[in-house]
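Numbering (this note's numbering), first residue to last: 594 to 815.
Each residue gets a CB set at the ideal place from its N, CA and C atoms; glycine is no exception.
These figures come from a predicted structure and were not determined experimentally.
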Ligand code: DC
């Protein structure tokens, strides 16, 4: 049985970066499911499909080929064979991803693919609905949070380092809007699984968060 770790939490809780380092230390792969929704969001924007047209977005999702590939342990997300990993990290794509992620048929396509990937090998999977929907039998479920201000501060520094012009206030506002959309959608909203361990990283360092996850994973590893 592969080891599966479900890591869920809101925007900017640091899931992707801690997931990557934790998976590396455990010697397993990291699946960033947000990247998959981002690929869907990107393609919706590229094709000029109205994000609020659920039927059109769902039809696109059901015919689109999204793949995940690993090169030296790092995930690449592909759309119709094209590596879009570098194109999906903009605020516009973030918002588009959150919007198309509201649709049941889009989620079904993604959930099926995520389950298939996690059945083939041990993985640490991060997202919003991993513990509640994608992998309810995961060996370990963690819900990672931090205050909205701290999450916005971290995200702002990341965007600044990339040379993007967004202000802290814009980042905070966008983050709250996206959290609201992710937590209040009808299908598989962001919420902790009943048996998830809660980890508040507001006053923890990156290393402390990773150390905690590695220790919890070792507790549950066969
Ligand atoms: O983790 P992220 O910020 O890269 O995710 C982008 C969006 O995708 C997020 O706002 C909501 C959606 N998402 C989701 O609905 N379910 C997941 N498992 C992962 C992401």
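Presumed contact (8 Å Cβ cut-off) between residue i and residue j, rounded CB distance
| i | j | result |
| --- | --- | --- |
| residue 717 | residue 616 | 4 Å |
| residue 621 | residue 732 | Not quite, the Cβ-Cβ distance comes to about 11 Å (not below 8 Å), so this is no contact. |
| residue 604 | residue 772 | 6 Å |
| residue 625 | residue 610 | Not a contact, Cβ separation roughly 10 Å. |
| residue 618 | residue 807 | 5 Å |
| residue 768 | residue 748 | 6 Å |
| residue 785 | residue 601 | 7 Å |
| residue 668 | residue 595 | 17 Å between Cβ atoms; not a contact. |
DSSP bridge partner residues for residue i (one or two, in chain order)
| i | result |
| --- | --- |
| residue 716 | 597, 622 |
| residue 736 | 601, 791 |
Residue i: CB within 7 Å of a non-hydrogen atom of the ligand HEM
| i | result |
| --- | --- |
| residue 723 | Inclusion of the ligand HEM in the displayed structure is not the case, the ligand content consisting of the ligand DC alone. |
> Does the region 775-786 come close enough to the region 686-698 that 3 or more CB-CB pairs lie under 8 Å?
Replying inline: Because the criterion of three Cβ pairs below 8 Å is met, the region 686-698 and the region 775-786 touch.
>> I'd like the ranges of any alpha helix (DSSP H) spanning at least 4 consecutive residues and lying wholly in the region 739-791.
In response: 741-754, 761-776
>> Ignoring anything shorter than 3 residues, give me the beta strand (DSSP E) runs that lie fully in the region 641-703, in order along the chain.
In response: 659-664, 667-672
> Three or more C-beta pairs closer than 8 Å, one from the region 630-644 and one from the region 757-769: is that the case here?
Replying inline: no
> Are there three or more Cβ pairs, one per stretch, closer than 8 Å when the region 732-745 is compared with the region 642-662?
Replying inline: Judged by Cβ distances under 8 Å, the region 732-745 makes no contact with the region 642-662, as fewer than three pairs qualify.
> Any chance the region 663-682 sits against the region 709-727, with 3 or more Cβ pairs inside 8 Å?
Replying inline: no
>> Would the region 699-712 count as touching the region 649-660 if we require 3 or more Cβ pairs under 8 Å?
In response: yes
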